[in-house]
Amino acid sequence: MPTVGIKRDLLFKALGRTYTDEEFDELCFEFGLELDEITSEKEIVSREQGDTKASDASDVILYKIDVPANRYDLLCLEGLVRGLQVFKNKLEAPRYRRISPVNGDPQKLIITKETAAVRPFAVAAVLRNITFTQERYDSFIELQEKLHQNICRKRSLVAIGTHDLDTISGPFTYTAKPPGDISFKPLNQTKEYTATELMSLYKTDSHLRHYLHIIEDKPVYPIIYDSNGIVLSMPPIINGDHSKITLQTKNVFIECTATDLTKAKIVLDMMVTMFSEYCSQPFTVEEAEVPLLASHTLSSLFYVESTEKIAQLLTRMCLLSRATGVGDEIEVEIPPTRSDVIHACDIMEDAAIAYGFNNITRTTPRAYTVANQFPLNKLTELLRQDLAAAGFTEALNFALCSEEDIADKLGKKISETRAAHISNPKTAEFQVARTTLLPGLLKTIAANRKMPLPLKLFEVSDVVLKDETKDVGARNSRRFCAVYYNKSPGFEVIHGLLDRTMQLLEVKSARGEGYHIQAADDSTFFPGRCAEIIVRGKTVGRLGVLHPDVINRFELTMPCSAMEIDIEPFL
Amino acid sequence: MADSGVVETLLQRIEKADDGVDSLNVAASLGVDHQVIVGAVKSLQALGDIISADLRSSKHWELTVEGSEIAEQGSHEARVFSSIPLEGLAQSELMVENIEDQVREKLLQVQKGNFSQLDEKEKNELKKRKLLSEVTVKSYWITKGSSFSTTITKQETELTPEMIATGSWKEKKFKPYNFEAMGVAPDCGHLHPLMKVRTQFRQIFLEMGFTEMPTNNFIESSFWNFDSLFQPQQHPARDQHDTFFLSDPALAHEFPQDYLERVKKVHSEGGFGSQGYKYDWKIEEAQKNILRTHTTAVSARMLYKLAQQKFTPVKYFSIDRVFRNETLDATHLAEFHQIEGVVADYGLTLGDLMGILHQFFTKLGITKLRFKPAYNPYTEPSMEVFSYHEGLKKWVEVGNSGVFRPEMLLPMGLPEDVSVIAWGLSLERPTMIKYGINNIRELVGHKVNLQMVYDGPICRLDS
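Line by line, the protein sequences give chains A and B.
Heads up: the first sequence is residues 6 to 576, going by this note's numbering.
Heads up: the second sequence is residues 706 to 1168, going by this note's numbering.
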């Protein structure tokens, strides 16, 4: 969930009162926010870069507030204050209006078909007669950054460009060109670069280098020009220096280019609704026409409930509502800030939040149900108890491991295992799902070599095997594995544990309908010291003395015997 | 056991002495090493209150090598004197007819142990001349004990079958047990603490009438893990950074076709009262196999199955492994156990969800609960569950809960008036709190501290 850092004193000024930290924490909790940390820039710099660097940093108190991942309208001071003030009945929910320019036609952004190959969508709007102060400007930049990191998925889905409209002239063209054909002076640089040069220039930029991959390999790069050929931006990387906004900027042109149109509209709505507050006509936005594309709509949803109270509650959540008088019908106006509202249930949640979750009477579902255990888990639970009673200690190992663990180290080839492979492991520890429990137990012994001997361990847990008959092509298999580690191999101990297990599972020692073991060859085990476990004619597992090479590869020094069986046949 | 002759002699000495004897003196008078007497004292002490012995330390004086030589042969002065022949006497020494070798006399006194014959000044002078040195000696002052006797009856260590058969135990004396010592550790196996806690959670759900879901399928398709839960295909959780994808078997093949179409429609176009997410939903994305990121994937399968029958209310639970391709630290691993509870019935409310959570957490010994609005892609409303931690004196998050979205339930075919409430928490966190473990690696995985497993108490979550 995104965290927003807000200067406490500015926040209190905007809220029109001060709160103690506890009071503000409580307010956040009720509204569905979390006051995560109370800190200052100085503290943050000091923690991350040491005290010496921190000496120049500001010690203004910052509130770090966790905002739900779908509430993009709470990512800046403006939106947060608006939401809280309406919630506390101190402010009426604003009604956002889309207006046409006073004189002349709306600004136009023309999208050419070349963009389809790289970044096909764009939407735009204008904020007229805005007044920036340093704080508003900072918040404006900060909101773009927050949106870029969250809903824009690090600019891959949507990238925002903001421009001083008075430095450029429409109509604007959004097109795509080969990088060699693009040349302009990028933001905060002193000379012109081609797009190819920019890509290598920004390779070392700690901030921008993370976005290069989005277009780097494309044959054409997206680019926006004004009618005089001035570059506004090369999304999603960088804006042009020419049209950059300053504290003196009066009219702001905002464009959002995207690979996802719905998200682009949401992002544009956020930018304009949040900062339209500072326009000479608050909460108005001038539409920019984007031919072929519908601009954002104010949608309405209808929800049936019984009381005026619900309408009041919703209005407190910035959802202007009124009972229509037709039955229990309530008309709810969804502002463009609330892109998270897509179903009546989203509105109902807001009513519940306004009412206060903790004010709702707690009840008990009345349904009578009979509990059943999953038979395989029931067997597992019962078996584990008695295996511990037989003197073995339970281990609990990871279901993921390296290829080496289940193959090379056990003297097997990875192709012989029916292992499921992971495509994006961060380290070798997560290459495959285990196909046997044995490596985990041997690693547990290796990590506990200081413990007194003998070590007697077991695990009853799932391994994963490829299985074409399943919809996903793989299935779990519940296994029981035990190892005995001591100065002597102790085959008889493991064999005795097998006998005891069969006794617990009511399988008699006999060929045919019972169980027996017979010599088998297995590269994991010492030659002549391995047997198959056969139950009712079917092989369920193996036991034996481990091969000295296996013992060495797991960094062990003592002889060791082990058994592993599939317990699903005993259900 | 000390030499029985020494023990007996020692007892006789103690009997004769009115106020006790010193072990050093006894050793000296018997002409044995002091350690022999110490051994005798210890073996007598082990037999009960025959004697009482107080450890004391005393200082005494010993002759140095040079001092011993003087004690034997006389002081240097005396030796000079005696070596002067009569005819060679100097005038001045004519006055001395004889000498008294005081140094030697003093040293001889010390050698005999009569330290008190010399005053401190004299002793210190001799010490300065390096003829004497002061030594600290530990000895016992031995007096009669409450059951003093000069004859020792051997004490029996243990009751034997013969004693019971013959009744001889009645005449025997038994060596007292040392109740301060620890017993012998039993030779036994142990259950893993996390599994002990899992057993308790299963028990709680069973007590509450919840049926266990079959969660033995770690590999799941993105369809059941995400799409069926109305989690959009560009959601960050579906990123390579957060989820383990499979290269083999890379794709899932069979889906309930009608249902899949309804899921596609609700994502891309909306429906069931929803506007949907309005994006181009791709089957290729849904087919991708992953290691499930939550057991809710199984809940989705179970609810779909339920929707294919005539509806009856159900309560389901599961506790099993889930996988996240996350950065690891002291409290996060790439896999952990998720505990999940699900209730489906007509007209369930938020009040029902909070009520059942209250019952559930009461069984864990947690009674102070409050709920915070939260966001979760597949529940609406969503609530984080906080409990008041008496130790930390603050509210801490203990779980997540919510009402499943209609966009998830209606495409499955569940009746419109059925609501499904659910909650989840991790198994590791309460276990770490319960057993006071700070590093999750000491609890789960091969780096487990087996001593911790051996020493773990039974698990009662409500006490």
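All C-beta atoms, glycine included, are put in the ideal place defined by N, C-alpha and C.
Boundaries (first-last residue) of the beta strand (DSSP E) holding residue i
i	result
S785 (chain B)	Going by the sequence as given, residue 785 (chain B) is Val instead of Ser. Looking at the DSSP string, V785 (chain B) is not in any beta strand (DSSP E); the run it does join, the alpha helix (DSSP H), is 781 to 788.
L470 (chain A)	460 to 471
Q523 (chain A)	520 to 524
M568 (chain A)	565 to 571
W766 (chain B)	756 to 768
R480 (chain A)	479 to 490
G1150 (chain B)	Careful: G1150 (chain B) lies outside any beta strand (DSSP E) and carries neither H nor E.
L40 (chain A)	39 to 45
G862 (chain B)	It is Thr, not Gly, that sits at residue 862 (chain B) in the sequence shown. Looking at the DSSP string, T862 (chain B) is not in any beta strand (DSSP E), and its letter there is neither H nor E.
Among the options, nearest to residue i - alpha-carbon criterion
i	options	result
Q939 (chain B)	A:R160, A:V469, A:M568	A:R160
V236 (chain A)	A:S211, A:S566, A:T178, A:D467	A:T178
L148 (chain A)	A:M275, A:E473, A:D504, A:I220	A:M275
Q112 (chain A)	A:S174, A:K69, A:Y142, A:L79	A:S174
I789 (chain B)	B:A776, B:E777, B:I775, B:I804	B:I804
G1095 (chain B)	B:V1003, B:L1114, B:I1071, B:L934	This sequence places Glu at residue 1095 (chain B); Gly is not what is there. Comparing Cα positions, the closest option is B:I1071.
R100 (chain A)	A:K513, A:E338, A:A356	A:E338
K249 (chain A)	A:N193, A:L32, A:Y207	A:N193
G976 (chain B)	B:T948, B:E1112, B:S933, B:V712	B:E1112
S105 (chain A)	A:E421, A:A452, A:Q286	A:Q286
N883 (chain B)	B:M868, B:G753, B:M1088, B:D1034	B:G753
N1234 (chain B)	B:L1053, B:L1038, B:F1109, B:I1163	Since the first residue of chain B shown is 706 and the last is 1168, residue 1234 (chain B) is not available in this structure.
Residues that residue i contacts on chain A, provided the C-beta gap is smaller than 7 Å
i	result
L899 (chain B)	L401
N921 (chain B)	L381, D467, N481, R483
C1164 (chain B)	In chain order: nothing, as chain A lies at least about 13 Å away.
E1112 (chain B)	H348
I1056 (chain B)	A small fix is needed here, since residue 1056 (chain B) is Gly in this sequence, not Ile. The contacting residues are I365, T366, R367, T368.
Contact set between residue i and chain B, taken where Cβ atoms lie within less than 8 Å
i	result
H426 (chain A)	L951, S952, D953
Q90 (chain A)	Chain B residues near Q90 (chain A): none, gap ~18 Å exceeds 8 Å.
E386 (chain A)	T904, R907
D476 (chain A)	S926, A957, H958, E959, F960
Chain-ordered neighbours of residue i on chain B, where CB pairs are closer than 7 Å
i	result
E42 (chain A)	Those within 7 Å of E42 (chain A) in chain B number zero; the least Cβ separation is about 14 Å.
F435 (chain A)	F949, A1039
D265 (chain A)	Q939, Y984
G37 (chain A)	K1077, P1078, A1079
I358 (chain A)	P1078
Within chain A, the residues that residue i reaches when beta carbons sit closer than 9 Å
i	result
Q1014 (chain B)	Within chain A, no residue comes near Q1014 (chain B); the closest Cβ sits about 15 Å away, beyond 9 Å.
E1085 (chain B)	H348, C350, D351, M353, E354
Listed by chain order, chain B residues near residue i by CB distance under 9 Å
i	result
Q378 (chain A)	R907, L911, T916, E917
K461 (chain A)	G894
Bounding residues of the alpha helix (DSSP H) (the contiguous stretch that carries residue i)
i	result
T930 (chain B)	According to the sequence as given, residue 930 (chain B) is Asn; it is not Thr. Here the alpha helix (DSSP H) through N930 (chain B) covers 927 to 930.
F1041 (chain B)	Where F1041 (chain B) is concerned, there is no enclosing alpha helix (DSSP H), although the beta strand (DSSP E) it sits in stretches over 1040 to 1051.
K826 (chain B)	825 to 833
I804 (chain B)	From DSSP, I804 (chain B) is part of no alpha helix (DSSP H); its letter is neither H nor E.
H972 (chain B)	962 to 973
V1158 (chain B)	1155 to 1160
Proximity test, residue i beta-carbon vs the ligand COA heavy atom, cut-off 6 Å
i	result
P224 (chain A)	Within the structure as shown, the ligand COA is missing, as the structure has no ligands at all.
For the segment 399 to 406 of chain A and the segment 357 to 375 of chain A, state whether three or more C-beta atom pairs, one from each stretch, are separated by less than 8 Å.
no
Segment contact, 8 Å Cβ cut-off, at least three pairs: the segment 1055 to 1066 of chain B with the segment 1130 to 1145 of chain B
no
Does the segment 253 to 271 of chain A touch the segment 131 to 142 of chain A, meaning 3 or more C-beta pairs lie closer than 8 Å?
yes
As an exercise, report each continuous alpha helix (DSSP H) stretch of at least 4 residues that is fully enclosed by the segment 197 to 267 of chain A, in chain order.
200 to 206
Kindly provide the ranges of any alpha helix (DSSP H) runs that are 4 or more residues long and lie completely inside the segment 319 to 380 of chain A, ordered along the chain.
349 to 360
Taking 8 Å as the cut-off, does the segment 910 to 922 of chain B touch the segment 974 to 994 of chain B (at least 3 CB pairs, one atom from each stretch)?
no
Those runs of the beta strand (DSSP E) which lie wholly inside the segment 110 to 137 of chain A and span at least 3 residues:
114 to 116, 126 to 132
Is it true that the segment 261 to 281 of chain A meets the segment 114 to 131 of chain A, where meeting means three or more beta-carbon pairs spaced less than 8 Å apart?
yes
Going along the chain, which unbroken runs of the beta strand (DSSP E) with 3 or more residues stay wholly within the segment 983 to 1010 of chain B?
994 to 996
Is there contact here, the segment 195 to 210 of chain A with the segment 165 to 172 of chain A, by at least three beta-carbon pairs under 8 Å?
no
At least three beta-carbon pairs within less than 8 Å, the segment 1108 to 1124 of chain B to the segment 1042 to 1057 of chain B
yes
Going residue by residue through the segment 392 to 452 of chain A, where are the continuous alpha helix (DSSP H) segments of at least 4 residues, counting only ones entirely within it?
408 to 411, 443 to 452
In the segment 1066 to 1101 of chain B, which residue ranges form an unbroken beta strand (DSSP E) of at least 3 residues, counting only runs that do not cross its ends?
1074 to 1081, 1084 to 1094
Can you confirm whether the segment 1089 to 1103 of chain B touches the segment 383 to 396 of chain A when touching is taken to mean that 3 or more C-beta pairs between the two stretches lie within less than 8 Å?
no
Between the segment 995 to 1008 of chain B and the segment 901 to 914 of chain B, can you find at least three pairs of beta-carbon atoms closer than 8 Å?
no
Taking three-plus beta-carbon pairs below 8 Å as touching, is the segment 426 to 436 of chain A in contact with the segment 363 to 372 of chain A?
no
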